[in-house]
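>
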Amino acid sequence: MMQQKHVPIDGTALHFKPISEAELEPLFALWSCPSVGKYMNTELYTTFDEVRTMIRYFQQAPEVIGSSRYAIYYGDIVIGSCGFDHYSKWDHRIEIGYELLKTWWGQGLGSEVVRQMVRYARRELNCHRIEALVHPKNRRSIALLKHQGFIEEACLHDYEKIAEGEFSDILLFAKICDEEEM
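The working numbering runs 1 ahead of the 1-based position in the sequence shown.
#1: Give me the DSSP bridge partner(s) of glutamate 161.
#2: For alanine 72, does the three-state DSSP call read helix, strand or coil?
#3: On a Cα-Cα basis, can you pick out the residue from Lys103, Leu173, Asp92 that is closest to proline 35?
#4: Can you give, in chain order, each stretch of the beta strand (DSSP E) that sits fully within the region 94-178 and has at least 3 residues?
#5: Just to confirm, is the Cβ distance from leucine 31 to glycine 67 under 8 Å?
#6: Go ahead and pull the three-state DSSP assignment for serine 33.
#7: How long is the line joining the alpha carbons of phenylalanine 17 and threonine 54, rounded to whole angstroms?
#8: Give the DSSP-derived three-state secondary structure of methionine 2 in the structure shown.
#9: Within this structure, are the beta carbons of glycine 111 and leucine 126 separated by less than 8 Å?
Structure, rendered in structure tokens:
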């Protein structure tokens with residue numbers, strides 16, 4: 002069973018906290034940004050009320066909704082969000098997702114976020130397989146996942162409706178964890 006809790010990231014100024022209304026403004030900036038939302042499977046948010054509704058949704062118990070979402074902090078600044086979806090305790094499998102505000106792109110923080118998400122999934126949730134779904138044109142995320150040892154396994158045709166309102170293929174990446182991720 003997944004629990005939402007404060008997740009420190011060892012050795013960096015990064016840490017994850019379950020999202021709350023305290024992060025309303027930076028999450029609105031994140032989820033309303035066309036550059037960030039271009040490859041997301043949701044419409045861009047246009048009001049604070051939409052973001053507030055999403056925050057309240059993620060504040061439900063993860064075992065009820067099957068997901069958990071965190072604000073990514075760099076020191077005391079919210080720089081993005083990340084989350085875990087489709088956790089299968091039986092299969093030791095989980096899906097990860099993440100997004101950073103555009104001003105934080107290209108600084109190595111995405112790599113650290115993914116590395117720590119993998120470590121958390123392995124150590125705390127005993128996951129053996131970690132998956133990520135990525136739009137085929139999201140070159141930055143593809144490169145990031147490959148750099149972190151994820152392998153492209155499949156192209157899922159017309160799998161998601163993206164923010165632009167069209168159905169899109171999605172690439173399935175996966176990482177099989179071994180003892181070194183402990």
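Heads up, the beta-carbon is just placed ideally off N, CA and C, and yes, glycines get one too.
By the coordinates alone:
#1: Ser169
#2: strand
#3: Lys103
#4: 94-101, 130-135, 152-162, 168-177
#5: no
#6: coil
#7: 20 Å
#8: For methionine 2, the pLDDT reaches just 42, beneath the cut-off of 50, and the residue's location in the model is therefore unreliable, although a value from the coordinates is still provided. DSSP places methionine 2 in coil when its eight states are reduced to three.
#9: no
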